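Remarks on the structure that follows.
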Amino acid sequence: MDSNNSMRAKTKPPARTSVLSKPVARGMAERVHHQRFKIRADAIQAITEYIEIFYRRQRKQARLGYLSLAVFERQFYEKKLAAWIR
Numbered sequence: 020m021d022s023n024n025s026m027r028a029k030t031k032p033p034a035r036t037s038v039l040s041k042p043v044a045r046g047m048a049e050r051v052h053h054q055r056f057k058i059r060a061d062a063i064q065a066i067t068e069y070i071e072i073f074y075r076r077q078r079k080q081a082r083l084g085y086l087s088l089a090v091f092e093r094q095f096y097e098k099k100l101a102a103w104i105r
């Protein structure tokens, strides 16, 4: 047995991380999985629409006080309207 091999730290290889989180990937799969796209641009557009329209509006964001974008926007405009009415 080689002394160098026995001295090496036994570590796990780094976990492979995907660009998209699991909920995004799952939702995207449900939206585009059963479709056939004629060109790549159509597939990219469908994926981009999912991310922009569905995921970003529903995901809770720390910078917005752990509210989804849709809820934050609704509360923001309700407060603006209430201030304007007064």
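Using our numbering, you'd call the opening residue of the sequence shown number 20 and step up by one each time. Every residue gets a Cβ at the ideal spot worked out from N, C-alpha and C, and that includes glycine. Predicted model, so just to flag it, every value in this text is computed and none were measured.
Distance check for residue 56 and residue 89, CA to CA, integer angstroms please. Taking the sequence shown and counting its residues from 1, the one referred to as residue 89 is at position 70. Taking the sequence shown and counting its residues from 1, the one referred to as residue 56 is at position 37. Cα-Cα distance, rounded: 30 Å.
State the Cα-Cα distance for the pair residue 13 and residue 69, rounded to the nearest angstrom. A question about residue 13 goes unanswered here, because the residues of the chain that appear run from 20 up to 105.
Who pairs with residue 80 in a beta bridge, going by DSSP? By one-based count along the sequence shown, residue 80 stands at place 61. According to DSSP, which records beta bridges pairwise, residue 80 is partnered with 86.
Integer-rounded CB distance, given that residue 77 should sit under 8 Å from residue 87: As a working mapping, residue 87 is identified with position 68 in the sequence shown. As a working mapping, residue 77 is identified with position 58 in the sequence shown. Correct: roughly 5 Å between the Cβ atoms.
Simplified DSSP state of residue 93, which is helix, strand or coil: Along the sequence shown, one-based indexing puts residue 93 at 74. In this structure, residue 93 counts as helix in the three-state DSSP scheme.
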